[in-house]
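Q:
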Amino acid sequence: MDHLLVRAARGEPTERPPVWLMRQAGRHIPEYRELREEYSFLEAIKTPEIAEEITLLPWEYYRPDGVVMFSDILTVLEPLGFSYHIESGVGPVVENPVSGPDDVDRTFGNVAHELDYVGELLVRLNQRVGDETAVIGFAGGPFTLASYAVAGGPSRTNMPLRKLRAAHPEAFRTLLQSFTDIIKEYLAFQIGNGADVVQLFDTYAGTLTPEDYREFVLPLHQEIFEDLNAPSIVFVRRMNGRLDLLKESGADAVGLDWTVDIGEAREQLGDVPVQGNLDPSYLFGDQEFVREKTREIIEKAGPDGHILNLGHGVNKDTPVESVEAFVETAKEI
């Protein structure tokens, strides 16, 4: 079925912009917080019936044009031999990070077997809402995943990985290729189990110089998107002024963070569809402010090839009423 979101990602005309939000099935919803009191984060994503329930919470609240599977970008670390857990207030902690340039050539086994819970979740979502809305899959990008694997956790500057690039460029290249290989198989697995659209979150890659991005990351993005059998979206933060690199990625649509003027982006990207890009902080204004700023984004983006979203994820303290106003504004166009 060609859902509104699928058509927009392909650049086809749509009667209004489809709308969903990154991190929409998260801590801003009261029922999510209640479930998380019973299950740890990893327990929740690895238990398909719980992940299904969490994924569908925003569907029950807002009826967006896509439900994004409740999972984590770091799931592919485990088939590559890494172990991780989530620490409150810290985030993901990789227990056995890359020890040095000799520890970068990683192989993996059967992704469909090791990450079977993701496949089961996607099948469940299609059975529940697949006739009514698009099912969205995703994966972390190679640079972002490598940053976690080298730093052992979140890194604002990605300095540990950037140091590896400077001191051991071939090891850096090998590590990113290891992640690229598993990402390709993982996204194909998601599509095979019913993902209508997939998004690549290489959020951290914007910390690279334009030259390093073009040399090391762009060819890997092109490799990932080349053979996908579903519409795809690429998202990298801090790419204002370098959107041409995202255009070359091969993704069907380009996700924009909130620092980009979406009207100017449309001029730079030409016919390439875009996703975004309301500043998530705007959802803390009153509902009329939210509606006004949302309409501005829609008007600047133009009528075709625009997927309405935020410029990053929903903040955990965001009022439900603001998300409702955001979604309803798109549906009123």
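In short: position in the sequence shown from 1, add 43, done, that's this note's numbering.
Ideal Cβ positions, reconstructed from N, Cα and C, are used throughout, including at glycine.
Are there 16 or more other CB atoms within 10 angstroms of the CB of residue 313, so buried, or fewer, so exposed?
A: Label assigned to residue 313: exposed.
Q: Over the uninterrupted beta strand (DSSP E) stretch that includes residue 211, give me the two end residues.
A: Here residue 211 belongs to no beta strand (DSSP E), and DSSP marks it neither H nor E.
Q: So what does DSSP say about residue 273, is it helix, strand or coil?
A: Coil.
Q: Could you tell me which uninterrupted alpha helix (DSSP H) segments, each at least 4 residues in length, are contained entirely in the segment 229-301, listed from first to last along the chain?
A: DSSP runs (the alpha helix (DSSP H)) wholly in the segment 229-301: 261-269, 286-290.
Q: Exposed or buried, which one is residue 202 when buried takes at least 16 other CB atoms within 10 Å?
A: That one is exposed.
Q: For residue 210, is the classification buried or exposed, using 16 other Cβ atoms within 10 angstroms of its Cβ as the cut-off for buried?
A: Exposed, by the Cβ-count rule.
Q: At what residues does the alpha helix (DSSP H) containing residue 97 begin and finish?
A: First-last of the alpha helix (DSSP H) with residue 97: 91-98.
Q: Let me know if residue 359 comes out buried or exposed under the rule of 16 or more other beta-carbons within 10 Å of its beta-carbon.
A: Residue 359 is exposed by the Cβ-count criterion.
Q: According to DSSP, which residues form a beta bridge with residue 321?
A: For residue 321, which the question treats as bridged, DSSP gives the partners 353.
Q: Between the C-alpha atoms of residue 149 and residue 124, what's the straight-line distance to the nearest angstrom?
A: In a straight line, the C-alpha of residue 149 is about 8 Å away from that of residue 124.
Q: Taking 9 Å as the cut-off, decide whether the C-beta atoms of residue 317 and residue 288 are in contact.
A: For residue 317 and residue 288, no; Cβs fall outside 9 Å.
Q: Check residue 181 in the structure and name its three-state DSSP category.
A: Strand.
Q: Taking the C-alpha atoms as reference points, what is the distance between residue 423 and residue 143?
A: There is simply no residue 423 to check, as the chain begins at 44 and stops at 376 in what is shown.
Q: What residue from 104, 160, 352 has the CA that sits closest to residue 324's CA?
A: Residue 352 is the option with its Cα nearest to residue 324.
Q: Quick check on the DSSP output: what are the complete beta strand (DSSP E) runs of length 3 or more inside the segment 107-162, in order along the chain?
A: The segment 107-162 contains these whole beta strand (DSSP E) runs: 109-111, 127-130, 134-137.
Q: Work out the CA separation of residue 194 and residue 223 for me, nearest whole Å.
A: If I take the Cα positions, the gap works out to 18 Å.
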